[in-house]
Each structure stands twice: as C-alpha cells, then as structure tokens.
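Participant: If you're matching positions, the sequence shown starts at 1405 in our numbering and goes up one per residue. Glycine included, each C-beta is placed from N, C-alpha and C at the ideal position.
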Amino acid sequence: MWIASLRMGIALSIVVSLFPAAFSRPTKDLAFEARSLSVMAGHEFEFRSRSDAALAEWALERFDRAGLVLPPLRINFHDEPAGCGGHFGLYRAGAAAQVDICGFNWDRFVVTARKTILHELAHAWLGHESSAATRERFVELRGLSTWGDDRFPWEEQGSEQAAEIIAWALMDEQLELTRFRNTSPPALAEAYRHLTGSLPTLRLQNVLQQHPEVSW
C-alpha cells in the first residue's frame, strides 16, 4: 500500500514540476482568463478584475448588435482618473488607438461606467467610420460651430455630442442627456441615423412608445 502511495506521490510531483501553472492558480482565475480571451475579438485589454471584463464584453456586444464595427483597439482599466487625463474615460487616436476607463467603483456607478465606455468606444467608431462630409452635416444638424475644436466648451463640440448620442442609442437603461440642447428622443434618433445610416434599433421601440407621432 505504501509503495503504491509513494509511486502516486512521485508521479504527482513530476506532473506539478512539468506543468506548474496548472496547479499554481485557482480554477476561478483560469475561468477569468478564458473570459478575458473571449472578449478579445481583435482587441487588446488590460483588466483589473472580472467586472472590467464583463463591462468590456457588454459594451462590445452592444456595438455588435447595432452593426457598428469598431477598429482594433487597446482598452485599459485604471484605478485612478489620472490614467484618463483626469477624466473617467479617454480615447486616444492613432495607428494603435486606445481607450482608457478610470476610477469606477463598480457597485455604485454601473450606469455611469456603461455610458463612459460606450462614449469612448463611440469616439473610436467615429474616428474610423465617419467621413468629413458626415461630420460637417452633423455639426449643421445640431446647430453647432465645430466638430472637435477644444477652444469650444465640451457640450458645443460635435464629436462629443455624437459620442453621447451613440452611447444613448446603445444603452440598456433610460439615459437623459442634460449637457446640451435638443435632446428629445426623436431628435437624438435622427442624429444617430445621420451618423450611422440606420435608426437606433436598440432604442427604437422605446422612442416610438413615447412619441407615437414619429414615423420613419
């Protein structure tokens, strides 16, 4: 009996020495790694937790359901707003585009975190897909003076209104946009259609229930 036990112990020691990673991490960490990989879809991520992974997966799924194809991105999550230039989110354009999400307590700011990541991903989509002509017409449609001139207030920049409108269209929850004018659901739906070429299907039923007089 002791010989059999000895042999089993030696065999287990050999397996552990050959495959130490399989025995050094708990099963839940392996599950998290698999979930992280499932979110990749051509993007790179730096997660702090499973909550980060779940938020990113949710946001990418919303863009996918709306038919909005994102460019390859690196998405990073940070504890402090300093990683986002003092903001909750930041989009960095370039050959290797990047989105940073910062400083959220996931138990308290679920809606804000969701809107933030959708807003920043919307900047990435707009930077990749919107033409100069589309941007010019959007600025005119919204009664603005600029698409992205930082000398103007945030709420008067077309790029920021466009990202907010896309986030509104993709959210699960009701979302009131209070920082700029002309935010009735029909006006937002029309602006979204101008940007994307389609109506906000994830939000459309709610818009039509509130405004039965609207027809597209």
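1) Which same chain residues, not among the five before or five after R1429, have their C-beta less than 7 Å away from its C-beta?
2) With a threshold of 8 Å on Cβ separation, who are the neighbours of L1599 within its own chain once the five nearest residues in sequence on each side are excluded?
3) Taking D1456 as the reference, give the member of H1523, V1473, L1494, C1506 with the closest Cα.
4) Pairs of beta-carbons, one from the stretch 1497 to 1504 and one from the stretch 1601 to 1616, closer than 8 Å: are there three or more?
5) Taking 8 Å as the threshold, find out whether the stretch 1512 to 1521 comes into contact with the stretch 1573 to 1584 through three or more Cβ pairs.
6) Could you pull out every unbroken alpha helix (DSSP H) segment of at least 4 residues lying fully inside the stretch 1510 to 1548, listed in chain order?
7) Would L1474 and F1467 be called neighbours here (beta carbons separated by less than 8 Å)?
8) Decide if T1520 is buried, meaning its Cβ has at least 16 other Cβ atoms within 10 Å, or exposed.
9) Looking at W1572: is its Cβ nearer than 8 Å to the Cβ of Q1561?
10) Could you name each continuous beta strand (DSSP E) segment of 3 residues or more that falls completely within the stretch 1468 to 1502, going from the start of the chain to the end?
11) Taking Cβ positions only, does R1607 come closer than 8 Å to chain C?
12) Which term fits E1564, buried or exposed, when burial requires 16 or more other beta carbons within 10 angstroms of its beta carbon?
13) Cα separation between N1586 and W1558?
14) Assuming E1450 is part of the beta strand (DSSP E), what are its boundary residues?
15) Mark E1484 as exposed unless 16 or more other C-beta atoms lie within 10 angstroms of its C-beta, in which case mark it buried.
16) Quick one, are the C-beta atoms of F1481 and F1451 less than 8 Å apart?
17) So is E1617 buried or exposed if we call it buried at 16+ other beta carbons inside 10 Å?
18) With DSSP run on the structure shown, which of helix, strand or coil describes D1664?
Facilitator: Per the coordinate set shown:
1) Taking the sequence shown and counting its residues from 1, the one referred to as residue 1429 is at position 25. In this prediction, R1429 has a pLDDT of 36, which is less than 50 and means its spatial position is unreliable; what the coordinates show is noted afterwards. Answer for R1429: no residue qualifies.
2) Looking up residue 1599 in the sequence shown gives position 195. Only L1530, S1534, T1538, F1542, A1566, I1569, I1570 meet the Cβ criterion.
3) Taking the sequence shown and counting its residues from 1, the one referred to as residue 1456 is at position 52. The candidate whose alpha carbon is nearest that of D1456 is C1506.
4) no
5) yes
6) 1514 to 1533, 1536 to 1545
7) Within the sequence shown, the letter at position 70 stands for residue 1474. Within the sequence shown, the letter at position 63 stands for residue 1467. Against a cut-off of 8 Å, the Cβ pair of F1467 and L1474 comes out as a contact.
8) Numbered from 1 along the sequence shown, position 116 holds the residue referred to as residue 1520. It is buried - the Cβ of T1520 has at least 16 other Cβ atoms within 10 Å.
9) Residue 1572 sits at position 168 when you count from the first residue of the sequence shown. Residue 1561 sits at position 157 when you count from the first residue of the sequence shown. No, the Cβ-Cβ distance between W1572 and Q1561 is not below 8 Å.
10) 1478 to 1482, 1493 to 1496
11) Among the protein chains of the structure shown there is no chain C, as only one such chain exists.
12) Numbered from its first residue, the sequence shown carries residue 1564 at position 160. E1564 is buried by the Cβ-count criterion.
13) Start at 1 with the first residue of the sequence shown, and residue 1586 comes out as number 182. Start at 1 with the first residue of the sequence shown, and residue 1558 comes out as number 154. Straight-line Cα distance between these residues: approximately 15 Å.
14) The residue given as residue 1450 occupies position 46 in the sequence shown. Start and end: 1448 to 1450.
15) Position 80 of the sequence shown holds residue 1484. Per the 10 Å Cβ criterion, exposed.
16) Within the sequence shown, the letter at position 77 stands for residue 1481. Within the sequence shown, the letter at position 47 stands for residue 1451. In this structure, F1451 lies closer than 8 Å to F1481 by Cβ.
17) Within the sequence shown, residue 1617 is the residue found at index 213, counting from 1. Exposed: under 16 other Cβ atoms inside 10 Å.
18) Examination of residue 1664 is not possible in this model, given that the chain is present from 1405 through 1620 alone.
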